[in-house]
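Its first residue numbered 339, the sequence shown is counted upward by one per residue in our numbering.
For every residue, glycine included, the Cβ atom is placed at its ideal position computed from N, Cα and C.
Just so we're clear, the structure is a prediction, and the values are computed from it rather than from any experiment.
Reviewing the structure listed below.
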Amino acid sequence: MTTRTLPAPRADRRPFRVGPFARRRLAQQARLDAAATAQGAARDGDHGEPTTPHVQAMQAHAAAYARREEQRFFVRIDRELTEYRVLSRSLDTDLAAYDRLTGDISFDDRDFIANGSGPGFEELRRLERRITRGKRRVDELSALIHSRFTAAKLRANRYFDHADEKLAVYWGAYRRELAADRAAAPDRTLDRAPVLQRSDWLTTKENTRLLELWQGRNDAQA
Numbered sequence: 339m340t341t342r343t344l345p346a347p348r349a350d351r352r353p354f355r356v357g358p359f360a361r362r363r364l365a366q367q368a369r370l371d372a373a374a375t376a377q378g379a380a381r382d383g384d385h386g387e388p389t390t391p392h393v394q395a396m397q398a399h400a401a402a403y404a405r406r407e408e409q410r411f412f413v414r415i416d417r418e419l420t421e422y423r424v425l426s427r428s429l430d431t432d433l434a435a436y437d438r439l440t441g442d443i444s445f446d447d448r449d450f451i452a453n454g455s456g457p458g459f460e461e462l463r464r465l466e467r468r469i470t471r472g473k474r475r476v477d478e479l480s481a482l483i484h485s486r487f488t489a490a491k492l493r494a495n496r497y498f499d500h501a502d503e504k505l506a507v508y509w510g511a512y513r514r515e516l517a518a519d520r521a522a523a524p525d526r527t528l529d530r531a532p533v534l535q536r537s538d539w540l541t542t543k544e545n546t547r548l549l550e551l552w553q554g555r556n557d558a559q560a
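Written as structure tokens, this is what we have:
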């Protein structure tokens, strides 16, 4: 059995539409699968939902697309991620040093730091400037990383949405073919089309936590 790989849907394609040629191919595939599974759809071992070879192929294609988006994101953002990590560690060190040097100075007395003279005040002012620059750059990198990460999630989720539309058309044709071939009562468990399982990084809203986990995994692999 051959299954066509779903193309990446265009960003302006709303709502999703399955054209007549795609519907015809899906109906043909449903007819073949119904003939091959005369006793009904098999059950997915992990989720217990009804499945067919075509459903499994669509799941594999969608999961592969999500993995490619994940890998593409990290390849394109590797330099920024590395700079972000280095700057974050450096910023933590500078903040700790600043707190240590100003630990005995009250908040009101810190105004004198800007006008104080001597090596100690010079060091504090250098630290303040470095911390300010570090915070500004870390914020810029964080915004860039998260915007690209969100874009990758949207592309992968859109691919899954497009695949779900095709799966609904296929499953309707598959059920009709099974009902026509079987004399017994229809299997009510087939009324609802199976759901394509999305990768964890597409279903969580904690982008920061995901990036930390991924970065840790990449560090371990390195």
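In the pairwise beta carbon analysis, the stretch 418-425 is classified as not touching the stretch 491-502: fewer than three pairs are separated by under 8 Å. Ile469 is a Cβ neighbour of Asp432, given a cutoff of 7 Å. Here the alpha carbon of Ser428 sits roughly 40 Å from the alpha carbon of Gln535.
When Arg362, Thr541, Thr542 and Ser537 are compared, the shortest CA-CA separation from Tyr403 is found for Ser537. Across the set Phe412, Glu460 and Thr440, the C-alpha of Phe412 shows the shortest separation from the C-alpha of Phe487.
Rounded to whole angstroms, the separation of the alpha carbons of His399 and Leu479 is 32 Å. DSSP places Ala374 inside the alpha helix (DSSP H), whose first and last residues are Pro358 to Ala374. In this structure, Glu515 places its C-beta atom within 7 Å of the C-beta atom of Ala368. The three-state reading of DSSP puts Thr390 in coil, since its state is none of H, G, I, E or B. Taking the CA atoms as reference points, Ala531 sits about 18 Å from Ala360. A straight line joining the alpha-carbon of Val507 with that of Arg410 spans about 30 Å.
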